[in-house]
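S.K.:
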Amino acid sequence: MSSVDTADRRHRLGVDLPPPDERESLFTTAVLTGSLAVTSGFGPYWDGRHIFIGKVGSELTIEQGQDAAWISALNCLGALRDLLGSLDAIERIVRLTGWVNAGPEFTKQPAVIDGASSLLLEVLGERGQHTRAALGMASLPFNIPVELEVIAEVRNQS
Amino acid sequence: MSSVDTADRRHRLGVDLPPPDERESLFTTAVLTGSLAVTSGFGPYWDGRHIFIGKVGSELTIEQGQDAAWISALNCLGALRDLLGSLDAIERIVRLTGWVNAGPEFTKQPAVIDGASSLLLEVLGERGQHTRAALGMASLPFNIPVELEVIAEVRNQS
Amino acid sequence: MSSVDTADRRHRLGVDLPPPDERESLFTTAVLTGSLAVTSGFGPYWDGRHIFIGKVGSELTIEQGQDAAWISALNCLGALRDLLGSLDAIERIVRLTGWVNAGPEFTKQPAVIDGASSLLLEVLGERGQHTRAALGMASLPFNIPVELEVIAEVRNQS
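Here it is, written out as structure tokens:
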């Protein structure tokens, strides 16, 4: 898939990746090790703030959780683009881990994280196919509803 | 260790791996990247349903949690067998992450996940030795008691 | 960075890594696979016992949580040293995952895990830069306040 293809696909979807994250922190947004690119945990941060706050199933609906997962996945892709120069460098997504902030009775973590899985498939096509774990957390930083990490395999540069 | 050895060992243990998972989903059950095979998160799904449901320590006993972990580990091995063709392709297990669905007072996650560690060692012998994290979750999908992921190193094919 | 540099840096910081862990268990403390070294989950175990117990934000302060994270990170580095012979074998830290034992209202997981991130940067300098996820757990083994895992890239041995 060429660079034009990925850009085209994103354009058709109306997907804009976020600008590089310049917040100060003790950790980095993504690292390349061998052929693997690993992101930090990302939440639904957009335009300078977390645009969803609260627990899914009580303070937020499933649909809002899905939207938060969608945006969190955009942030993971943004971190990979910043690391690699382009999403075209991604051979495939290896892993999506989705942490959902929810109470003890919540059972629909998979539906929430589908919002992130869908984005990966929409933007990257079959390169977006991935393994996944969806988990329910007692709490998350800043009371965000979703946090995600992505591990991607990078194309052979030679 | 030859293919016969692993099959023999499984036979002696009475361990049957599950049939391939044909449920529809937005993610895959396992991925091979370089020499690493990574599974999705698996629960105690068997014969078309999750055969344990509920939180360990309140709705289920530790022993039931261990059995659920044992079955979840079988499912991880089944996913690796489907991906690799045979468990003989496994050089060693690198990582077992065990998520236990439990209340805030629960402290016996290691005992529960021992049910999965034991299976890996029984089926794979010293190739089953692994690093591990055992964690207590506020909630899990479908209210399953345990979810597991496994990362394995695959034998050099050349 | 030479061996002397790392030892010097640790000495200046007054950082002593723990002795090898000889507790019996069904899993190992760290594994090398390809160029990646992966630790098991470690808590604030020191001198034969977990020196912090309880949930952060209710039973323990943020500062105590940070200290627990600092000690847990020392244990991860100790496991890597035992595996690799020396911390000088570390090319860089790839990943720190920090699980904080806390109630549903807790939101300061990043501040707690900064205690671990700081140690990695102090001991390893720029080789200690890492990706990170900080998560809130319903419960942890033995009611420890923090559990950590570290993934490191190992230097090319040739």
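Residue numbers (this note's numbering), protein chains in the order written: chain A, 1 to 158; chain B, 159 to 316; chain C, 317 to 474.
Every residue gets a Cβ at the ideal spot worked out from N, C-alpha and C, and that includes glycine.
1) Any contact between the stretch 403-416 of chain C and the stretch 430-446 of chain C? By contact I mean 3 or more CB pairs, one from each, below 8 Å.
2) Comparing the C-beta of phenylalanine 42 of chain A with each C-beta of chain B, is any distance below 9 Å?
3) With a cut-off of 9 Å, does the C-beta of glycine 125 of chain A fall near any C-beta of chain B?
4) Helix or strand or just coil, what does DSSP make of isoleucine 209 of chain B?
5) Does the beta carbon of arginine 250 of chain B come closer than 9 Å to any beta carbon on chain C?
6) If we count the other Cβ atoms within 10 Å of its Cβ and call it buried at 16 or more, is asparagine 156 of chain A buried or exposed?
7) Provide the residue span of the alpha helix (DSSP H) that contains isoleucine 220 of chain B, from first to last.
8) Rounded to the nearest angstrom, how far is the Cβ of leucine 242 of chain B from that of valine 281 of chain B, given a contact under 8 Å?
9) Quick check on alanine 427 of chain C: does DSSP put it in helix, strand or coil?
10) So proline 303 of chain B packs on glycine 212 of chain B, CB below 8 Å; how close in whole Å?
11) Report yes or no: is there a C-beta of chain A within less than 9 Å of the C-beta of proline 303 of chain B?
12) Taking 9 Å as the threshold (beta carbon to beta carbon), is alanine 138 of chain A in contact with chain C?
13) Name the DSSP bridge partner or partners of tryptophan 307 of chain B?
14) Please list, in chain order, all residues of the same chain as alanine 68 of chain A whose beta carbon is under 6 Å from its beta carbon, the five residues on each side excluded.
15) At 9 Å on the CB atoms, spell out the chain A contacts of glutamate 182 of chain B, in chain order.
16) Do phenylalanine 200 of chain B and glutamate 307 of chain B have their CB atoms nearer than 9 Å?
17) Which whole-angstrom value is the C-beta distance of glutamate 469 of chain C and serine 139 of chain A, which I expect to be below 8 Å?
18) With respect to the beta strand (DSSP E) encompassing alanine 353 of chain C, which residues constitute its N-terminal and C-terminal limits?
19) Would DSSP call valine 154 of chain A helix, strand or coil?
20) Listed from N- to C-terminal order along the chain, which residues in the stretch 419-438 of chain C have their beta-carbon within a distance smaller than 8 Å of any beta-carbon of chain A?
21) Assuming threonine 349 of chain C and aspartate 337 of chain C make a contact with CB atoms under 8 Å, what is their CB distance in whole Å?
22) Can you say whether threonine 219 of chain B is buried or exposed, counting buried as having 16 or more other CB atoms within 10 angstroms of its CB?
23) Look at leucine 135 of chain A and glycine 103 of chain A and say whether their C-beta atoms are less than 9 Å apart.
24) Can you pull the DSSP bridge partners for arginine 290 of chain B?
25) Let's test the definition: count the other Cβ atoms within 10 Å of the Cβ of proline 457 of chain C and tell me whether it reaches 16, buried, or not, exposed.
26) Are isoleucine 467 of chain C and alanine 353 of chain C closer than 9 Å when you measure CB to CB?
27) Is serine 244 of chain B close to chain C? Criterion is C-beta to C-beta, closer than 9 Å.
28) Just to confirm before moving on: does the CB-CB distance between tryptophan 228 of chain B and glycine 273 of chain B stay below 9 Å?
29) In angstroms, rounded to a whole number, what distance separates the CA positions of glycine 223 of chain B and glycine 48 of chain A?
30) By the three-class DSSP mapping on this structure, what secondary structure does glutamate 407 of chain C have?
31) In or out: serine 230 of chain B buried (at least 16 other Cβ within 10 Å) or exposed?
32) Out of B:Met295, B:Ser275, B:Leu277 and B:Ser198, point me to the one whose CA is closest to threonine 265 of chain B's CA.
33) Within 10 angstroms of the Cβ of serine 275 of chain B, are there 16 or more other Cβ atoms? Answer buried if so, exposed if not.
34) Can you grab the Cα-Cα spacing for the pair serine 40 of chain A / leucine 80 of chain A, in whole Å?
35) Who are the neighbours of glutamate 59 of chain A on chain C, taking C-beta pairs under 7 Å?
36) Take asparagine 143 of chain A and list the residues in its own chain whose beta-carbon comes closer than 8 Å to its own, dropping the five residues that flank it on each side.
M.R.: Short version:
1) yes
2) Stepping through the first sequence from its first residue, residue 42 of chain A is reached at position 42. By this cut-off, phenylalanine 42 of chain A is not an interface position.
3) Within the first sequence, the letter at position 125 stands for residue 125 of chain A. By this cut-off, glycine 125 of chain A is not an interface position.
4) By 1-based counting over the second sequence, the position of residue 209 of chain B is 51. Isoleucine 209 of chain B: coil per DSSP, three-state reduction.
5) For the purposes of this step, residue 250 of chain B is identified with residue 92 of the second sequence, where counting begins at 1. Yes, arginine 250 of chain B counts as interfacial toward chain C.
6) Within the first sequence, the letter at position 156 stands for residue 156 of chain A. So asparagine 156 of chain A ends up on the exposed side.
7) Locating residue 220 of chain B in the second sequence gives position 62, counting from the first residue. Looking at the DSSP string, the run of the alpha helix (DSSP H) that includes isoleucine 220 of chain B is 220-242.
8) Walking along the second sequence from the start, residue 242 of chain B turns up at place 84. Walking along the second sequence from the start, residue 281 of chain B turns up at place 123. No, leucine 242 of chain B and valine 281 of chain B are not in contact; Cβ-Cβ is about 14 Å, not under 8 Å.
9) In the third sequence, counting from the first residue as 1, residue 427 of chain C sits at position 111. If DSSP states are grouped into helix, strand and coil, alanine 427 of chain C belongs with the helices.
10) Translated into the one-based positions of the second sequence, residue 303 of chain B becomes position 145. Translated into the one-based positions of the second sequence, residue 212 of chain B becomes position 54. Contact flag correct, Cβ pair sits at about 6 Å.
11) Position 145 of the second sequence, counting from 1, holds the residue named residue 303 of chain B. No - not a single Cβ of chain A is within 9 Å of the one on proline 303 of chain B.
12) For the purposes of this step, residue 138 of chain A is taken as residue 138 along the first sequence, with counting starting at 1. Yes, because at least one Cβ of chain C sits closer than 9 Å to the Cβ of alanine 138 of chain A.
13) Here residue 307 of chain B refers to the residue found at position 149 of the second sequence. Here residue 307 of chain B turns out to be glutamate, not tryptophan, going by the sequence shown. Looking at the DSSP assignment, glutamate 307 of chain B forms a beta bridge with B:Thr255.
14) Position 68 of the first sequence, counted from the start, is the residue given in the question as residue 68 of chain A. Contacts found: Pro44, Phe52, Pro145 and Val146.
15) On the second sequence, position 24 is the one that residue 182 of chain B refers to. None at all; the shortest Cβ gap to chain A is about 12 Å.
16) As a first step, residue 200 of chain B must be located in the second sequence, where it is residue number 42. As a first step, residue 307 of chain B must be located in the second sequence, where it is residue number 149. It is a contact, given that the beta carbons lie within the stated cut-off.
17) In the third sequence, counting from the first residue as 1, residue 469 of chain C sits at position 153. In the first sequence, counting from the first residue as 1, residue 139 of chain A sits at position 139. Contact flag wrong, Cβ pair sits at about 31 Å.
18) Residue mapping note: residue 353 of chain C aligns to position 37 of the third sequence, counting from 1. Per DSSP, alanine 353 of chain C belongs to the beta strand (DSSP E) from 352-355.
19) On the first sequence, position 154 is the one that residue 154 of chain A refers to. Strand.
20) Gly419, Pro420, Glu421, Phe422, Thr423, Lys424, Gln425, Pro426, Asp430, Ser433, Ser434 and Leu437
21) As a working mapping, residue 349 of chain C is identified with position 33 in the third sequence. As a working mapping, residue 337 of chain C is identified with position 21 in the third sequence. At roughly 20 Å, the Cβ-Cβ gap does not stay under 8 Å, so threonine 349 of chain C and aspartate 337 of chain C are not in contact.
22) Numbered from its first residue, the second sequence carries residue 219 of chain B at position 61. Exposed, because fewer than 16 other Cβ atoms sit within 10 Å of the Cβ of threonine 219 of chain B.
23) As a first step, residue 135 of chain A must be located in the first sequence, where it is residue number 135. As a first step, residue 103 of chain A must be located in the first sequence, where it is residue number 103. For leucine 135 of chain A and glycine 103 of chain A, no; Cβs fall outside 9 Å.
24) Stepping through the second sequence from its first residue, residue 290 of chain B is reached at position 132. Paired residues: B:Leu254.
25) Here residue 457 of chain C is taken as the residue at index 141 of the third sequence, counted from 1. Result: buried.
26) What you label residue 467 of chain C is simply residue 151 of the third sequence in a count that begins at 1. What you label residue 353 of chain C is simply residue 37 of the third sequence in a count that begins at 1. Cβ atoms of isoleucine 467 of chain C and alanine 353 of chain C: closer than 9 Å.
27) Within the second sequence, residue 244 of chain B is the residue found at index 86, counting from 1. Cβ-Cβ to chain C under 9 Å: no for serine 244 of chain B.
28) What you label residue 228 of chain B is simply residue 70 of the second sequence in a count that begins at 1. What you label residue 273 of chain B is simply residue 115 of the second sequence in a count that begins at 1. Cβ distance < 9 Å, so tryptophan 228 of chain B and glycine 273 of chain B count as in contact.
29) Along the second sequence, read from residue 1 onward, the residue named residue 223 of chain B stands at position 65. Along the first sequence, read from residue 1 onward, the residue named residue 48 of chain A stands at position 48. Near 43 Å, if we compare the C-alpha coordinates of glycine 48 of chain A and glycine 223 of chain B.
30) Against the third sequence, residue 407 of chain C aligns to sequence position 91. In this structure, glutamate 407 of chain C counts as strand in the three-state DSSP scheme.
31) Position 72 of the second sequence, counted from the start, is the residue given in the question as residue 230 of chain B. Buried.
32) On the second sequence, residue 265 of chain B is found 107 positions in, with the first residue counted as 1. Nearest C-alpha to threonine 265 of chain B: B:Met295.
33) Taking the first residue of the second sequence as 1, we reach residue 275 of chain B at position 117. Buried, since its Cβ has 16 or more Cβ neighbours within 10 Å.
34) For this step, residue 40 of chain A is matched to residue 40 along the first sequence. For this step, residue 80 of chain A is matched to residue 80 along the first sequence. Roughly 10 Å between the two C-alpha positions.
35) Start at 1 with the first residue of the first sequence, and residue 59 of chain A comes out as number 59. Result: empty, since nearest Cβ-Cβ is about 11 Å, beyond 7 Å.
36) Stepping through the first sequence from its first residue, residue 143 of chain A is reached at position 143. For asparagine 143 of chain A, where only same-chain residues beyond five positions count, the Cβ hits under 8 Å are Ile53, Gly54, Lys55 and Asn101.
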